[in-house]
Structures are given as C-alpha cells and as structure tokens.
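Numbering (the working numbering), first residue to last: 351 to 412.
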C-alpha cells in the first residue's frame, strides 16, 4: 500500500472541477481496503479543517 497524502486528494478534486464521489477517489488513489480506510480518514480530517465538505458520497472543495 502506498501512503495517501491530503494534497493528493485535494489535487484530484481540483482536477475534477472541485468535486467527486468517494468511489471515484477510491478508484483513482487505491482500491484495496487499507487504502479506502486511509482515504476516509484523510477526508474526515480535511473536513474538520474546513478544506472540503462531505455530503453523503459527494466530496466538494470549499
């Protein structure tokens, strides 16, 4: 498993026009269970810091 970084997720969202479904993020950055868990943790942290908003399966840059 490769390490997932916040800036990688943020760059992916920017390239997608500022929003993407979680499933799209999982597919692009890693499809195994450990990667999904790491991505979910990073997304929750990014939401707490006000970088993104999560509405169900949709993730948007603020």
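Heads up, the beta-carbon is just placed ideally off N, CA and C, and yes, glycines get one too.
- In the DSSP assignment, residue 389 falls within the unbroken alpha helix (DSSP H) covering 383 to 398.
- Here residue 396 is buried: its Cβ has 16 or more other Cβ atoms, across all protein chains shown, within 10 Å.
- Residue pairing by DSSP places residue 408 opposite 371 and 405 in a beta bridge.
- For residue 407, the closest of 379, 373, 391 and 358 by C-alpha to C-alpha distance is 373.
- With a threshold of 16 other beta carbon atoms within 10 Å, residue 392 meets it and is buried.
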